[in-house]
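Chemist: The structure is given below, and queries will be raised subsequently.
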Amino acid sequence: MEKGGNELFDDDTVIHHITIQTLSVQDGLTLCTGIYDAAQPIRKDKFSTATIPDLDLKVKNIQFAETGDTIDFVCVSPETALSKNSIVTLFAEEPFINTEKLELRLCEITERYFNNRMLTPALEIILNQASPVFKNNRDYLPITRQRFQDNDSYLKAIIVAIKEMDNSCLCIQGPPGAGKTFTAKHVISALVNQGKRVGVMSNSHAAIMNLLKPLSKQLKNQVVVKIGGLGNNQNQFKEQFSEQEYPNFKYRTGFKFTTRQPYEFYSVIGATAYGFASDIAYENPLDYLFVDEASQVALANLVAVSGAANNIILMGDQMQLEQPIQGSHPGLSGSSALEFMLKDHSVIPEDKGIFLERTYRMHPAVCKPLSEIVYEGKLQADADNIRQAIDIPSPSLITRKHGILPVNIQHEGNTQCSHEEADLVQQLINELKTGSFTDKQGQKSMLTDNDILVIAPYNMQVNLLKEKINGNINTGTIDKFQGQEAPVVIISMAVSDVEESARGLDFVFDINRLNVAISRAKALAIIVANQGLESCPVNSLRQMEKVGFFCKLNGFL
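Residue numbers for the sequence shown follow the numbering used here, beginning at 12 and rising by one.
What follows is the structure, encoded as structure tokens:
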């Protein structure tokens with residue numbers, strides 16, 4: 012069934028009801044300018060190319076005005092049925108991704124298994140969801156703060172355990188602010204300094220670079236290379252990472268190497284699954300492959316790259332944002348790599364890997380409800396975090412210095428955006444900017460735009476907030492902010508009634524998404540919501556758990 016007008020308006024991969032203002036033909040192309048309702052949610056990053064299905068037209072060079080409701084685009088045909096005042100709808104085109112190499116690897120692995128029942132040792136551990144294996148049958152787990160209380164001995168125990176892995180797979184779960192990147196950087200450095208070669212893989216090039224940049228600084232005598240994702244030549248990379256500042260940080264556009272600098276020349280290699288599934292990676296397996304944000308990496312992709320390294324480390328947190336998936340996946344085949352390994356556990360079992368149980372970001376009052384509901388009470392705030400506080404000289408709305416502060420307002424009929432909440436968010440920001448933030452070292456500074464994040468579940472509310480909020484406040488959906496932090500986070504729930512909201516209760520009260528949103532806050536998380544939003548019918552124990560979590564955050568439980 013085709014989508015109606017309201018559904019198209021709500022779809023963030025569609026620009027609905029564009030009215031053509033001007034058009035002209037140049038060099039066999041039709042150049043168009045139109046206006047649209049800017050209140051509709053739009054994932055602008057999705058619109059590199061698009062189609063107008065009704066007219067069977069391809070569209071490219073899509074440009075949005077920085078402010079307002081104007082859009083420019085080019086139809087790749089001089090002959091169209093378009094004219095001034097024509098009304099069209101653009102559907103974003105999914106970019107073509109060549110998955111042939113991944114598919115080939117999966118077929119090879121499957122065929123080999125059916126022929127001789129053979130898997131690589133690491134892949135056997137993964138598919139059997141087994142505990143890691145160490146050399147000489149020794150067991151280096153559990154690694155807990157109870158056993159290793161100070162930071163140095165704790166990190167050293169992690170490094171020793173990973174060094175002693177015997178063609179295996181180990182998981183590291185890093186809750187918000189627990190130092191997953193810090194831990195990975197030091198573990199990888201220790202391995203490389205011992206002569207090991209290490210790969211860094213993730214779904215996104217940004218996540219890979221987040222590890223490679225500090226590693227290139229720390230490993231001054233080793234060569235680090237990023238493969239793909241940063242342009243088709245070296246120039247763009249060198250503009251960001253000059254030879255003088257990053258002498259050992261290199262870039263290659265693909266998995267093609269030279270005689271002078273072959274694959275084996277590099278100590279640390281950063282690439283996506285498409286790179287590590289290549290022939291050269293399989294022919295020269297690395298000692299270790301670190302898979303970052305493994306809760307968003309597909310199990311199938313992990314299987315496809317399993318022959319690229321002898322040992323695999325899965326890093327991430329299955330209780331934060333999950334992998335986006337499409338289509339139908341039988342059994343557990345649609346799971347992420349980390350989700351599959353940890354089954355239904357919210358905290359990694361002690362015999363399966365390492366739970367980084369101390370957050371260096373959140374005040375204890377922010378951490379506590381998340382720890383109790385999401386992390387089985389095992390996540391603790393670092394002792395110094397207790398100093399973090401917001402001080403308002405004449406508080407009216409901001410009645411807490413730290414923790415989670417519910418601020419309720421009444422509204423009706425809002426399904427994914429609320430003008431009432433947007434106005435209240437501006438009032439909260441105005442009051443916050445009269446106050447100061449004390450950090451974990453006890454240093455006090457006045458609150459500015461940079462100290463506040465504003466988060467909403469829907470793009471429509473995000474667009475409204477950006478339009479209404481004064482200043483330069485970082486505003487976006489939850490997906491935008493994973494990995495970021497600020498002294499204060501304001502969460503606008505946006506909907507009047509969960510039952511009538513777009514995408515329903517399971518989305519609005521999703522535990523993982525609320526966990527990510529709240530845990531961005533160092534001192535104070537403010538939840539702006541309609542009065543009584545939690546009073547809604549539930550259809551399952553899982554939905555009851557989600558509503559209960561929202562009640563816990565709001566202090567009702």
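Where a beta carbon is used, it is the ideal one built from N, C-alpha and C, also for glycine.
#1: Using a Cβ-Cβ cutoff of less than 8 Å, which residues in the same chain neighbour Gln80 once the five nearest sequence positions on both sides are dropped?
#2: Taking Val279 as the reference, give the member of Tyr165, Tyr299, Lys267 and Lys412 with the closest Cα.
#3: Closest to Leu443 by CA distance: which of Val236, Leu390, His27 and Ile537 is it?
#4: Can you check whether the CB of Ser306 is closer than 9 Å to the CB of Glu333?
#5: Select from Ile502, Gly559 and Leu130 the residue whose C-alpha is nearest the C-alpha of Arg532.
#6: What is the DSSP secondary structure of Thr410, reduced to helix, strand or coil?
#7: What residues are listed by DSSP as bridge partners for Val527?
#8: Are at least three pairs of beta-carbons, each pair with one atom in the stretch 360-374 and one in the stretch 173-192, less than 8 Å apart?
#9: Straight-line CA distance for Ile440 to Asp38?
#10: Cβ of Thr41 within 9 Å of Cβ of Phe102?
#11: Assuming Thr91 and Leu115 are in contact, meaning their beta carbons sit under 8 Å apart, how far apart are those beta carbons, in whole angstroms?
#12: Between which two residues does the alpha helix (DSSP H) holding Pro132 run?
#13: Skipping 5 residues on each side, what residues in its chain have a beta carbon closer than 6 Å to that of Ile359?
#14: Consult DSSP for Ile63 and reduce its assignment to one of helix, strand or coil.
#15: Can you tell me whether Ala540 sits near the ligand ATP, meaning its C-beta is under 8 Å from at least one heavy atom of the ligand?
#16: Compute the Euclidean distance between the alpha carbons of Leu134 and Val314, then round it to the nearest angstrom.
#17: Taking 6 Å as the limit between beta carbons, can you name the residues of its chain near His422, skipping five residues before and five after?
#18: Three Cβ pairs or more, each shorter than 8 Å: is that satisfied between the stretch 242-260 and the stretch 212-232?
#19: Going by DSSP in three states, Asp23 sits in which element: helix, strand or coil?
#20: Between which two residues does the alpha helix (DSSP H) containing Asp290 stretch?
#21: Which same chain residues, not among the five before or five after Phe268, have their C-beta less than 6 Å away from its C-beta?
#22: Please classify Leu458 as buried or exposed, where buried requires at least 16 other C-beta atoms within 10 Å of its C-beta.
#23: Quick check: what's the CA-CA separation for Glu387 versus Ser142?
#24: Just reading off the alpha helix (DSSP H) that Arg553 is part of, what are its end residues?
#25: Just list the residues that DSSP pairs Leu535 with in beta bridges.
#26: Can you look up Phe159 in the DSSP assignment and give me helix, strand or coil?
#27: Comparing alpha-carbon positions, which option in Gly424, Asn425 and Thr410 lies nearest Val418?
#28: Alpha carbon to alpha carbon, how far is Asp450 from Glu496?
#29: Do you know how far the Cα of Leu34 is from the Cα of Asn96?
Modeler: On the basis of the coordinates in this document:
#1: As written in the sequence, residue 80 is Asp, which differs from the Gln given in the question. The residues Ile46, Tyr47, Asp48 and Ala49, in chain order, have a CB closer than 8 Å to that of Asp80 in the same chain once the five nearest residues on each side in sequence are set aside.
#2: The shortest C-alpha to C-alpha distance from Val279 to any of Tyr165, Tyr299, Lys267 and Lys412 is the one to Tyr299.
#3: Checking every option, the nearest Cα to that of Leu443 belongs to Ile537.
#4: Going by C-beta atoms, Glu333 is nearer than 9 Å to Ser306.
#5: At residue 532 the sequence reads Ala, which differs from the Arg that was named. When each option's Cα is compared against that of Ala532, the closest is Ile502.
#6: Correct three-state label for Thr410: coil.
#7: DSSP lists no partner for Val527.
#8: The stretch 360-374 is in contact with the stretch 173-192.
#9: Distance between the alpha carbons of Ile440 and Asp38: 50 Å.
#10: No, these two residues do not count as a Cβ contact at 9 Å.
#11: A Cβ-Cβ distance of about 41 Å is found for the pair Thr91 and Leu115, leaving them out of contact under the 8 Å criterion.
#12: Note, Pro132: alpha helix (DSSP H), Pro132 to Leu138.
#13: Counting only residues of its own chain and dropping the five nearest sequence neighbours on each side, Ile359 has a CB closer than 6 Å to the CB of Cys182, Gln184, Leu353 and Phe366.
#14: Ile63: strand per DSSP, three-state reduction.
#15: The ligand ATP is absent from the structure shown, which contains no ligand whatsoever.
#16: Those two C-alpha atoms are separated by around 7 Å.
#17: Within the same chain, His422 has close Cβ partners Ser429, Glu431, Ser507 and Asn541.
#18: The stretch 242-260 is in contact with the stretch 212-232.
#19: Coil.
#20: From DSSP, the alpha helix (DSSP H) with Asp290 extends over Asp290 to Glu294.
#21: Spatial neighbours of Phe268 in its own chain (CB-CB distance under 6 Å, excluding positions within 5 residues in sequence) are listed in chain order as Tyr274.
#22: Label assigned to Leu458: buried.
#23: A direct Cα-Cα distance of roughly 21 Å separates Glu387 from Ser142.
#24: Per DSSP, the unbroken alpha helix (DSSP H) holding Arg553 starts and ends at Leu552 to Leu564.
#25: In DSSP, Leu535 forms a bridge with Gly414 and Val499.
#26: Phe159: coil per DSSP, three-state reduction.
#27: For Val418, the nearest C-alpha among the options comes from Thr410.
#28: Here the alpha carbon of Asp450 sits roughly 13 Å from the alpha carbon of Glu496.
#29: Near 10 Å, if we compare the C-alpha coordinates of Leu34 and Asn96.
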